Each structure stands twice: as structure tokens, then as C-alpha cells.
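Colleague: Residue numbering for the sequence shown follows our numbering, beginning at 49 and increasing consecutively.
The beta carbon of each residue, even a glycine, is placed where N, CA and C say it ideally should be.
In this text the structure is predicted, and so the values were computed from the model without any measurement.
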Amino acid sequence: MYQFSQNPMNRKVSLVVSDLSGGGAIRAFLLGQVLKKLNYAIEIVGFMFGKELYATPPSGFTITSVPGGKYPGVLTAARDLLKKIDGDIIYAVKPKPTSFGLSLLKKFTSRRPIIHIQYDWTTA
Numbered sequence: 049m050y051q052f053s054q055n056p057m058n059r060k061v062s063l064v065v066s067d068l069s070g071g072g073a074i075r076a077f078l079l080g081q082v083l084k085k086l087n088y089a090i091e092i093v094g095f096m097f098g099k100e101l102y103a104t105p106p107s108g109f110t111i112t113s114v115p116g117g118k119y120p121g122v123l124t125a126a127r128d129l130l131k132k133i134d135g136d137i138i139y140a141v142k143p144k145p146t147s148f149g150l151s152l153l154k155k156f157t158s159r160r161p162i163i164h165i166q167y168d169w170t171t172a
């Protein structure tokens, strides 16, 4: 079992977004702001299938992206993105293969806990 600090100030949450150039980025930014107020360190990681971020992120967030693409190239990008997810807690922002699927892979290889809350019934 992965061991992490009980003090939120020493914990980092990785918010995994399916596409930072799409609307899911806004949800990650909002979640990040809430978690930051709870004294968690935040990183936002995800694919970039478009040319630029969908929205300007709040200050103080680490944003890490890799270019998305079509199969099979996206598998190489997924491997690169997996290496960049280093939070103590992994939060899959949407139930998509490029966020939840990637988060599950990271959980299995790192034993870190994963969070996903199904509140978006458009992708369920």
C-alpha cells in the first residue's frame, strides 16, 4: 500500500484531464482551486489535442501536457504522460480513456489512490 503524509500541506494531487484544449480543463481548474484552499499542492496533467489551452489557468498551478494524437501514436504520448503524473493522490477529471484510463494505469503501477466522482452524465 502506498504511504502518504496525513498532513494535506505535504500532499500533492494530480488532476488528470483528458484534453487540456477542451472544456474539461475548466473543471480541473475549479477543482484545483478548491483543493488548493484545502492546502494541497496541485498539478494538472493531460493531453493537448488542440493547439492551446481551452482557458487561462489560475496562477500557481503546474500544467503539464503532451500532444495528443491518433492511435497508435497516442500510446507513446500516454506513456510519456504517465511518467509525469507524480501526485500522492490521482484525480481523474472525466471518465474517459485519456483521463480515467490513464489514471487507472498509474494507480496499478504506483499504488497511489485514485479519485473519480461520476457527476458528468454526458460521458457515463
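In terms of residues, what are the limits of the alpha helix (DSSP H) holding Ile74?
Modeller: By one-based count along the sequence shown, residue 74 stands at place 26. First-last of the alpha helix (DSSP H) with Ile74: Gly72 to Lys85.
Colleague: Taking buried to mean at least 16 other C-beta atoms within 10 Å of its own C-beta, is Gly108 buried or exposed?
Modeller: As a working mapping, residue 108 is identified with position 60 in the sequence shown. By the neighbour-count rule (16 or more Cβ atoms within 10 Å), Gly108 is not buried but exposed.
Colleague: With distances taken from CA atoms, which of Val61, Lys99, Ala76 and Val114 is nearest Leu129?
Modeller: Taking the sequence shown and counting its residues from 1, one reaches residue 129 at position 81. The candidate whose alpha carbon is nearest that of Leu129 is Val114.
Colleague: Would you mind reading off the limits of the beta strand (DSSP E) that contains Thr112?
Modeller: Locating residue 112 in the sequence shown gives position 64, where the first residue counts as 1. Its beta strand (DSSP E) spans residues Thr110 to Pro115.
Colleague: If contact is defined by three or more beta carbon pairs under 8 Å, each pair taking one atom from either stretch, is the segment 59-73 in contact with the segment 138-153?
Modeller: Result yes; three or more Cβ-Cβ pairs closer than 8 Å.
Colleague: With respect to the alpha helix (DSSP H) encompassing Val122, which residues constitute its N-terminal and C-terminal limits?
Modeller: Mapped onto the sequence shown, residue 122 falls at position 74. That run of the alpha helix (DSSP H) goes Gly121 to Lys132.
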